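The sequence shown lines up with residues 1 to 320 when you count with the UniProt record's numbering. Positions of the beta carbon are idealized from the N, C-alpha and C atoms, including for glycine. Quantities reported herein were computed from a predicted structural model and do not represent experimental measurements.
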Amino acid sequence: MKRIAVLTSGGDAPGMNAAVRAVVRKGLYEGMEVYGINYGYAGLVAGDIRKMHRRDVGDLISRGGTFLYSARYPEFATEEGQLKGIEQLKKFGIEGLVVIGGDGSYRGALALTKHGYPTIGLPGTIDNDIAGTDFCIGFDTAINTVLDSLDKIRDTATSHVRTFIVEVMGRNAGDIALWAGVAGGAEQIIIPEKEFDMSEVAEEIRKGRERGKKHTIIVLAEGVMKGNEFADKLYEYGDFHQRVTVLGHVQRGGSPTARDRVLASKFGATAVDMLKDEKGGLCLGLVNNQIVANDIIETLGKKKHMPDVSLYQLNKEISY
Ligand code: ADP
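(1) Do Cys283 and Leu263 come within 9 Å of each other at the CB atom, strictly closer than that value?
(2) Name the two residues that bound the continuous alpha helix (DSSP H) containing Gln313.
(3) Measuring CA to CA, which of Ser105, Met16 and Asp12 is closest to Lys266?
(4) Comparing alpha-carbon positions, which option in Arg171, Glu75, Glu210 and Ile205 lies nearest Phe240?
(5) Would you call Gln290 buried or exposed, if buried means 16 or more other Cβ atoms sit within 10 Å of its Cβ?
(6) Which same chain residues, not among the five before or five after Thr133, have their C-beta less than 7 Å away from its C-beta?
(7) Consult DSSP for Ala71 and reduce its assignment to one of helix, strand or coil.
(8) Does the beta-carbon of Pro256 have 16 or more other beta-carbons within 10 angstroms, so that it is buried, or is it exposed?
(9) In three-state terms, what does DSSP make of Thr78?
(10) For Ala269, collect the residues of the same chain with a Cβ closer than 7 Å to its Cβ; drop the 5 residues on either side in sequence, then sort them by chain order.
(11) Please name the residue, chosen from Glu210, His160 and Asp148, that lies closest to Ala183 on a Cα-to-Cα basis.
(12) How about Asp103: is its Cβ closer than 8 Å to a heavy atom in the ligand ADP?
(13) Which stretch, first to last residue, makes up the alpha helix (DSSP H) that contains Asp260?
(14) Can you tell me whether Asp129 is buried or exposed? The criterion is at least 16 other CB atoms within 10 Å of its CB, across all chains shown.
(15) Out of Ile217, Asn228, Arg50 and Gly40, which one is the CA nearest neighbour of Thr158?
(16) Just tell me which of Phe67, Glu95 and Ala231 has its CA closest to the CA of Met274.
(17) Which residues does DSSP pair with Asn294 in a beta bridge?
(18) My understanding is that Met1 touches Met32, with C-beta atoms under 8 Å, so please give their C-beta distance in whole angstroms.
(19) Rounded C-beta distance between Ala186 and Leu150? I'm assuming under 8 Å.
(20) Look at the Cβ atom of Gln251, then the Cβ atom of Ile176, and state whether they are nearer than 9 Å.
(21) Quickly, what does DSSP pair Phe230 with across the bridge? List them, please.
(22) Put residue 321 into one of helix, strand or coil per three-state DSSP.
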């Protein structure tokens, strides 16, 4: 292929810029022309497409968010929207597309694949909830952002002997809660993948207090329930001086960590290699520390993302 394009879609994630930069620079290095599409699938259908030069991606590796912008565009779930998108790509003579985003964005990439248009998906979401990869672009930065907050909350929790319920992102997946919880030494981690019993949560807090613990930090994945709801339910079992902190969108921002930048760079460059070899219908992943190319139809059809739930048991054994 000689002319390719890249877009970012869905929820933004730190490291998306590093991935776009890698696609642009590696594409140019290979003698291709690279186009950037603004506002995800909305910009694709609208033809908001421009040719990218080396300098267009300068000073971006360290920036969070996505300079190509992102948008929610439900119309892309319709065949009409998808065919319009392909029409635009053909109008510009673009032969292959790289899509960086989460599960919804992958559905769009899958639709393009089914229409026979060569598309490569790169996993970009702080939730880390994409099948076929151990890690997504943005996850490492997000857990470090959460960790920074947990460390600060710990200081104040100890001073006042309080119980902090820290609500973190993760609609369907407990990855952020698990990783940040273990790293931050949280006493309890509540995730969608594991059932929990509020009476046991209360009992654990009591036991901790008896052992002389000055604070309790509970990391709660938002997919289980909202932090305030959790605190109210916990009150039914006792007053533990509960306080709720909802970290919210700070988790999505910030300069990407080294790990996210390197991952994004590897994914971006590998996507270009695939398109150069006329390969499409793939989504890239990092499995056992190796970059892998999965069939997108198979991956979205059969595989389900599972976090490393061994961290849940580990935390029970070391953070009580
Ligand atoms: P994320 O990619 O972070 O999961 P969304 O779920 O909002 O975010 O999806 C991003 C975009 O992908 C949507 O706004 C839409 O344009 C496109 N998309 C989502 N689902 C589908 C689908 N089933 N078919 C085609 N395109 C889709």
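Judging by the given coordinates:
(1) No, they are not a contact pair.
(2) Start and end: Ser310 to Ile318.
(3) Met16
(4) Ile205
(5) Result: exposed.
(6) Pro123, Gly285, Leu286 and Val287
(7) coil
(8) By the 10 Å Cβ count, Pro256 comes out buried.
(9) coil
(10) Ala22 and Lys26
(11) Of the listed residues, the one whose Cα sits closest to Ala183 is Asp148.
(12) Indeed, a heavy atom of the ligand ADP lies less than 8 Å from the Cβ.
(13) Taken as a continuous stretch (DSSP letters only), the alpha helix (DSSP H) holding Asp260 covers Ala258 to Lys276.
(14) buried
(15) Ile217
(16) Glu95
(17) Cys283
(18) 7 Å
(19) So it is a contact: roughly 7 Å between Cβ atoms.
(20) Cβ distance < 9 Å, so Gln251 and Ile176 count as in contact.
(21) DSSP lists no partner for Phe230.
(22) This structure gives no information on residue 321, because the portion of the chain shown stretches from 1 to 320.
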